[in-house]
Amino acid sequence: MTQAPKPSTPNVAIIGGGPAGLMAAEVLSRAGIQVDLYDGMPSVGRKFLLAGVGGMNITHSEAFPAFLSRYAERAANIAPLLRAFGANELCEWIHGLGIDTFVGSSGRVFPTDMKAAPLLRAWLKRLRDAGVMIHTRHRWLGWNPDGSLLVTAADGEKTLRPTATLLALGGGSWSRLGSDGAWMLPLEQRGVGLAPLQPSNCGFEVQAWSDLMVSKFAGAPLKNIAIGLNDDVPRLGECVITATGIEGSLIYALSAPIREAINQHGSATIHLDLLPGRPVDKIQQALSKPRGSRSMAKHLHSQLGIDGVKAALLRELTPADCFSDPARLAQAIKALPLTLVKTRPLDEAISSAGGVTFEALDERLMLKQVPGVFCAGEMLDWEAPTGGYLLTACFASGRAAGLGMLEWLQRKD
0 MTQAPKPSTP NVAIIGGGPA GLMAAEVLSR AGIQVDLYDG MPSVGRKFLL AGVGGMNITH
60 SEAFPAFLSR YAERAANIAP LLRAFGANEL CEWIHGLGID TFVGSSGRVF PTDMKAAPLL
120 RAWLKRLRDA GVMIHTRHRW LGWNPDGSLL VTAADGEKTL RPTATLLALG GGSWSRLGSD
180 GAWMLPLEQR GVGLAPLQPS NCGFEVQAWS DLMVSKFAGA PLKNIAIGLN DDVPRLGECV
240 ITATGIEGSL IYALSAPIRE AINQHGSATI HLDLLPGRPV DKIQQALSKP RGSRSMAKHL
300 HSQLGIDGVK AALLRELTPA DCFSDPARLA QAIKALPLTL VKTRPLDEAI SSAGGVTFEA
360 LDERLMLKQV PGVFCAGEML DWEAPTGGYL LTACFASGRA AGLGMLEWLQ RKD
């Protein structure tokens, strides 16, 4: 095991090369601090690049109160980070890299070319020009008994003794990109307060679909629908039927309350509105028209445009005698109950909930139990829906941690 000499001037080790770690590296290097960034993968920003496949949604243009509300019970903790570096500041920072942005029809903000790679290339050039040293294929294993960092690389284990450390190791999803949650154990051993990692922005499973649903409709999109949970106003959007249940953007937006309902009660029942543009009385009126010799399937199609996967869901989730009662069938079309019994596995989720609790950190995002060690990004205990909210908070927390480290280093001197 090689031993690194104790530095005479402040230097910082950043563990994790995602947006949070890279943003902290920028803050620190601009202040003249020597920064060494370590990442276990062959290159940095891998999850960032994959998130940009199909269109790099960097942030959202909605007003701050609505934006902040997306962080639910952790909004109060995220608020100071976003007030200092929110959507507008993030866009200005991107423009400073020579990347233009535009606002889509949904309010989401994208780079003009819709790609993540040019942004990451420009950013890494800036960091390297500022003196940031990036060490790939270096995986953090935890702490040695003397408090130094233990890192493994191709040439063996190494001991690091930085003046300060930032952990920006991501959550627990997409382990193939380096975000595997293995950091939970060494933090737990140091007495750091942690919330269990759970899937967020994830799909859900039903008890079992029929063979027909699996064979004919797994992968089928459900468009122009609304989904409600409990007494909340149903949300408009679309999702996808899977072989085990349901997933997609509309489900992801509701994943936190659905998951918590399952945690508390063992299942959660959502209600699908298959025709959100039509009131129930108009649907009942259309269903009450004589259908003569036509089948119910043809009647649903001709009167209401319901066919394909929507018709299959009606058959799957509605008692047979309901189809002879226009009033009951109309109610089912407007609020079709679907019971979900568990999340899909954490590694399939877009993001994760849980991690280092804010109560375990001071206002600088430093661990109270481990002075000189800071945390940022998705490994903190917060979650948000897709739409740019995840990335914005990762950038903002990385910047805040970088500034917190500067303050701590100045006070330490």
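Residue 122 in numbering that gives the first Met the number 0 sits at position 123 of the sequence shown, with consecutive numbering throughout.
The beta carbon of each residue, even a glycine, is placed where N, CA and C say it ideally should be.
Spanning the alpha carbons of residue 188 and residue 116 requires a straight line of approximately 37 Å. A direct Cα-Cα distance of roughly 12 Å separates residue 107 from residue 391. For residue 261, the enclosing alpha helix (DSSP H) begins and ends at 254-264. When only Cα atoms are considered, residue 334 and residue 351 end up about 29 Å apart.
Assigned with DSSP and collapsed to three states, residue 397 falls in helix. Per DSSP, residue 382 lies in no beta strand (DSSP E) segment and is marked neither H nor E.
Shown here, residue 183 sits in a helix according to DSSP, grouped into three states.
In this structure, residue 42 places its C-beta atom within 7 Å of the C-beta atom of residue 135. If you draw a straight line from the Cα of residue 170 to the Cα of residue 180, it is about 6 Å long. Per the coordinates, the alpha-carbon of residue 144 lies some 32 Å from the alpha-carbon of residue 345.
Boundaries around residue 297 are those of the alpha helix (DSSP H), 295-303, since no beta strand (DSSP E) includes it. In the DSSP assignment, residue 374 falls within the beta strand (DSSP E) that extends over 372-374.
Boundaries of the alpha helix (DSSP H) around residue 94: 86-95. Contact holds between the stretch 379-389 and the stretch 61-73, because three or more Cβ pairs, one in each stretch, are under 8 Å apart. Boundaries of the alpha helix (DSSP H) around residue 127: 116-128. Around the beta carbon of residue 385, 16 or more other beta carbons sit within 10 angstroms, so the residue counts as buried. Cβ-Cβ distances below 7 Å link residue 59 to 66, 86, 106, 107, 108, 386, 387, 388 in the same chain, with the five nearest sequence neighbours on each side left out; the list follows chain order.
Around the beta-carbon of residue 130, fewer than 16 other beta-carbon atoms lie within 10 Å, marking it exposed. The Cβ neighbour count for residue 63, taken over all protein chains shown within 10 Å, is under 16; the residue is labelled exposed.
Sequence-distant Cβ neighbours of residue 343 in its own chain, meaning closer than 6 Å and more than five residues away, are 201, 202. Counting the other CB atoms within 10 Å of its CB gives residue 241 a total of 16 or more, which places it among the buried residues. Your pair residue 114 and residue 51 checks out as a contact, with CB atoms roughly 6 Å apart and the cut at 8 Å.
Boundaries of the alpha helix (DSSP H) harbouring residue 79: 74-83, taken from the DSSP string. By the beta-carbon neighbour count (other beta carbons within 10 angstroms, threshold 16), residue 264 is exposed. With fewer than 16 other beta carbons inside 10 angstroms of its own, residue 175 counts as exposed. With contacts defined as CB atoms closer than 7 Å, residue 185 and residue 141 qualify as a contacting pair. DSSP places residue 351 inside the beta strand (DSSP E), whose first and last residues are 350-355. In this structure the stretch 307-323 does not touch the stretch 250-262; the number of beta carbon pairs closer than 8 Å is below three.
With 16 or more other Cβ atoms inside 10 Å of its own Cβ, residue 10 counts as buried. As the crow flies, the alpha-carbon of residue 61 is around 38 Å from that of residue 328.
Rounded to the nearest whole angstrom, the CA to CA distance from residue 166 to residue 341 is 31 Å.
Of the residues assessed, residue 222 falls on the exposed side of the cut-off, its CB having fewer than 16 other CB atoms within 10 angstroms. Here residue 270 has 227, 334, 336 as same chain residues with Cβ atoms under 6 Å from its own Cβ, once five neighbours each way along the sequence are excluded. Between residue 91 and residue 119, the alpha-carbon positions lie close to 15 Å from each other. Apart from the 5 residues on each side of it in sequence, residue 161 sits with its Cβ closer than 6 Å to the Cβ of 10, 11, 12 in its chain, given in chain order.
Contact between residue 93 and residue 57 holds, with the beta-carbon distance rounding to 7 Å and staying under 8 Å.
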